[in-house]
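These notes concern the structure reproduced below.
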Amino acid sequence: MPFPFLLFFSSMFLSFPSLSFSQQTPPKGYLINCGATRRSVIHGRVWLPDGNFISAGTSKNLTVPGLVPTLSTVRSFPLENKNLRRKFCYVVRVYRGARYLIRTTYYYGGVNGLDFDSPPVFDQIVDGTFWSVVNTTEDYGKGLSSYYEGVFEAKGNTMSVCVASNTYTVSDPFISSLEMLILGDSIYNTTKFDSHALHLVARHSFGHNGSIIMYPDDQFDRYWQPYEENVSVTASKKIPAVSGFWNIPPSKVFETALSTAQLESMELRWPPFSLPNSTYYIALYFADNSDSMSSNSRVIDMHINDVRYYSNLVLSSEGAAVFATRWPLGGLTKITLSPAANSNGSPLINAGEIFDVLRLGGRTHTRDVIALEELKNSLRNPPLDWNGDPCLPRDYTWTGVKCSEGERTRVISLNLTGMGLLGSLSPSIANLTALDGIWLGNNSLSGVIPDLSSLKLLEILHLQDNQLTGEIPSSLGEMKSLRELFLQNNSLTGRIPDSLIGRPGLEVRTSGNQFLSPPPS
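Taking mature numbering (1 follows the signal peptide of the UniProt record, and there is no 0), I'd label the letters of the sequence shown as residues -22 to -1, 1 to 499.
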């Protein structure tokens, strides 16, 4: 165990409900049907087509019969020119500081053709944070779709959710649907969302053997999977009011419980699969379903992998939730519920959630992000992956963008040579004040060269073989760090500034323009 025992309990919480529950309206946010071209209403909720949220990829219809509408279309992202380690991002307007449940759903349906029987394996990213690997192979082999769920806090006015090609497979990544729903302020609020996020590992309603519990039973549309094990299943006679629970689980999860027939311990192998070594958020939910026992007669002790999790939890019909915000786990997990010494009832459990606690990957400096967005808007055909965070995660920087290391992430060079770019150079490029090199030669850029005098670190400026017009800004001659200035083969006019002619340590190329005076030799 890597941490002292007491640290676990310093992040342990116990919650008892106190308020009555009333059904809420559908959660606010976005339901996006990826690949769809028109909005649709499914079970009374509006699903939007995805065209307003993403500029890359291709909409495709699946030919598999009988699919639900949100699985019948996908957005596919062709791996043109082997563009591995490229991310393709949905960008959605959000409320800064709000906590969002993000759910991505994938159903392959053979969209990549007969040469690719199995689904591709790729990554998914939120803003600058690597979220998870998407591997739907096992589910797809069983005829099932796959979903992933996480909880992230909005750090700005937009959030990006990206699928990202990697080297796992050579088949095109895709996505079926994207949901981004606002959670209540009390939901998972012991997590430090300024530095972390949550990735769902498992969420089960114990003893439930029906369909997935979701909205409207769960007002936040979380998915609670059914779960049965070789122990007794009991039906509840009393359902607690749940709005007082810290995470507000749906009341339906308290309709059944796993228990033992005798006054003895109960072991659960939950989650029912091996976990990678990491730190986890664990929440367990309980309510005494008996009305025949005396008050405070069911008391349980809890251990996880034989380490004490909580002791002397008194269960009542009002229910309780016990959760730890940072608990180290790895491999198979055993949860042991034992009757305490003063208990007259057997242990029981109604539901559980477990999340991997993700450390956020950071964000590119806001000024640089804004500058690159304005530069993107000035181009008629920017690179397709210019969405989301420009620099992060490190393996998925924007095409042509190089960034600094360290906590303060800045853009330090642009290299889009020979990309066939159309449009103009936005003056905002001058706000990328950490740049030491700009390579934009061999494109079809037009307009004037903006004032770049604020780029104090710029050493290389290559703008050759474009269609730039106007005069060379005299401020270029005042840039002390500049070593290479390549402007040849444009349509520049006027005179070459004297400060650029014959300056030691500066190589200037200006041939192939329409200057009033000859270029320097």
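Beta carbons: idealized from backbone N, C-alpha and C, even for Gly.
{"query": "With which residues is Pro204 paired in a DSSP beta bridge?", "result": "Ser183"}
{"query": "Quick one: Cα of Asn167 to Cα of Phe223, how far?", "result": "12 Å"}
{"query": "Between the region 381 to 393 and the region 65 to 79, do three or more beta carbon pairs fall short of 8 Å?", "result": "no"}
{"query": "Which of the three DSSP states is assigned to Pro27 in this structure?", "result": "strand"}
{"query": "Entirely within the region 64 to 141 and at least 4 residues each: give me those alpha helix (DSSP H) ranges in chain order.", "result": "115 to 119"}
{"query": "Run through DSSP, which three-state label would Arg286 get?", "result": "strand"}
{"query": "Let me check one thing: in DSSP terms, what residues is Cys381 bridge-paired to?", "result": "Val389"}
{"query": "Hey, is the region 133 to 144 in contact with the region 103 to 113, meaning 3+ C-beta pairs nearer than 8 Å?", "result": "yes"}
{"query": "What number of angstroms, rounded off, separates the C-alpha of Ser(-1) from the C-alpha of Ala329?", "result": "Confidence at Ser(-1) is low in this model, with a pLDDT of 39, below 50, so its placement is unreliable and no value can be given for it."}
{"query": "Quick one: grab the DSSP three-state call for Glu456.", "result": "helix"}
{"query": "Could you tell me which of Pro27, Val335, Pro428 and Leu410 sits nearest to Ser382, measuring between CA atoms?", "result": "Leu410"}
{"query": "Pick helix, strand or coil for Ile348, following the three-state DSSP scheme.", "result": "helix"}
{"query": "Any idea which residues DSSP pairs Lys434 with across the strands?", "result": "According to DSSP, Lys434 bridges with nothing at all."}
{"query": "Count the other C-beta atoms from every protein chain shown that fall within 10 angstroms of the C-beta of Lys65, then say buried if there are 16 or more, exposed otherwise.", "result": "buried"}
{"query": "By DSSP's criteria, Asp279 is part of a beta bridge. Which residues make up the other side?", "result": "Ser316"}
{"query": "Tell me which residues share the same chain as Glu127 and place their Cβ nearer than 6 Å to its Cβ, disregarding the 5 neighbours each side in the sequence.", "result": "Arg81 and Leu178"}
{"query": "When you compare each of Thr15, Ser406 and Gly419 to Gly396 by their alpha carbons, which one comes out closest?", "result": "Gly419"}
{"query": "I think Glu352 touches Ser431, with their Cβ atoms under 8 Å apart; what is that distance to the nearest whole Å?", "result": "Not confirmed; about 18 Å, so no contact."}
{"query": "Please name the residue or residues paired with Leu394 in a DSSP beta bridge.", "result": "Leu394 is not bridged to any residue."}
{"query": "Taking DSSP as the reference, what is the three-state secondary structure of Val300?", "result": "strand"}
{"query": "Check whether the Cβ atoms of residue 529 and Arg63 sit closer than 8 Å, and answer yes or no.", "result": "This structure does not reach residue 529, given that the chain is present from -22 up to 499, and the question cannot be answered."}
{"query": "Using CA atoms only, rank isn't needed, just tell me which of Val24, Arg53 and Thr147 is closest to Asp93.", "result": "Thr147"}
{"query": "At 3 residues or longer, and completely inside the region 406 to 450: list those beta strand (DSSP E) runs for me, N to C.", "result": "415 to 417, 422 to 425, 438 to 440 and 445 to 448"}
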